[in-house]
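Here's the structure we're looking at; comments come further down.
Next up, the structure:
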């Protein structure tokens, strides 16, 4: 992050994102970055802070986003990552955990949930989209239910889980995760034909006219 400071995949993502936004992502900045992030992917499929560390939702988002921006997502084992991400959503609660064998936490609605659009971009680039798209790998409706039912506080703001206090961090990432989930909901079923919708549907207007 800075001289003698932390060195992990968050720094790589920050540098790549800022350089990309500013049009400064040159070969000097790219050199070795994708290969280092690739080494941060673990046997589970997620990405750790540095090579050899445990897979974690926040680092997975940062690493995958950096690789997408670098055009190097193909260097990752995307199938293994998809498997790991899909299994971080808790069947009972609907929310995401950040690591294997951890509790659900509202902030991972974004850190884990936000990986699915990135995964979509990476799989689309290699022409290997699963049938139904990446939204079939998790349940966006269940995630929205967890955020709306369990993470909202009556006096405003959002939280990790019931029993925890609200804070700006969880408010930001719960809302961000809800946005991701909402955009990945399956389209609603087609409405019934207008003639069958109601006795006085628009298509029945002619029948209502009094000659």
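In the working numbering, the protein residues as written are 808 to 1018. Every residue, glycine too, gets a C-beta built ideally from N, C-alpha and C.
Asked, Found
"Mapping the DSSP letters down to three states, classify residue 846 as helix, strand or coil.", "helix"
"Can you look up residue 965 in the DSSP assignment and give me helix, strand or coil?", "strand"
"Rounding to the nearest angstrom, what Cα-Cα distance links residue 841 and residue 917 in this structure?", "23 Å"
"For residue 847 and residue 883, what's the separation of their Cα atoms in angstroms?", "10 Å"
"Report yes if the CB atom of residue 921 is closer than 8 Å to the CB atom of residue 966, and no otherwise.", "no"
"Does residue 947 pass the burial test, meaning 16 or more other C-beta atoms within 10 Å, or should it be called exposed?", "buried"
"In chain order, what residues of the same chain lie with their CB nearer than 6 Å to the CB of residue 1014, ignoring the 5 residues before and after it?", "Model confidence at residue 1014 stands at a pLDDT of 46, short of 50, so the residue's coordinates are unreliable and nothing is read from them."
"Does the beta-carbon of residue 1009 have 16 or more other beta-carbons within 10 angstroms, so that it is buried, or is it exposed?", "For residue 1009, the predicted structure reports a pLDDT of 48, less than 50, and the residue's modelled location is therefore unreliable. A value from the coordinates is still provided. Its Cβ having fewer than 16 others within 10 Å, residue 1009 is exposed."
"Can you tell me which of 837, 994 and 974 puts its alpha carbon nearest to the alpha carbon of residue 875?", "837"
"Residue 926 and residue 877 - do their beta-carbons sit closer together than 8 Å?", "no"
"Tell me, which residues are paired with residue 816 by DSSP?", "In DSSP, residue 816 forms no bridge with anything."
"Check residue 895 in the structure and name its three-state DSSP category.", "coil"
"Give me the Cα-Cα distance between residue 955 and residue 827, rounded to the nearest whole angstrom.", "34 Å"
"Have a look at residue 939 and residue 929 and give me their C-alpha separation to the nearest angstrom.", "15 Å"
"Roughly how many angstroms lie between the CA atoms of residue 890 and residue 844, to the nearest whole one?", "19 Å"
"Since I believe residue 950 is in contact with residue 923 (beta carbons under 8 Å), could you give me their beta-carbon distance rounded to a whole number of angstroms?", "So it is not a contact: roughly 10 Å between Cβ atoms."
"Could you spell out where the alpha helix (DSSP H) holding residue 867 opens and where it closes?", "864-877"
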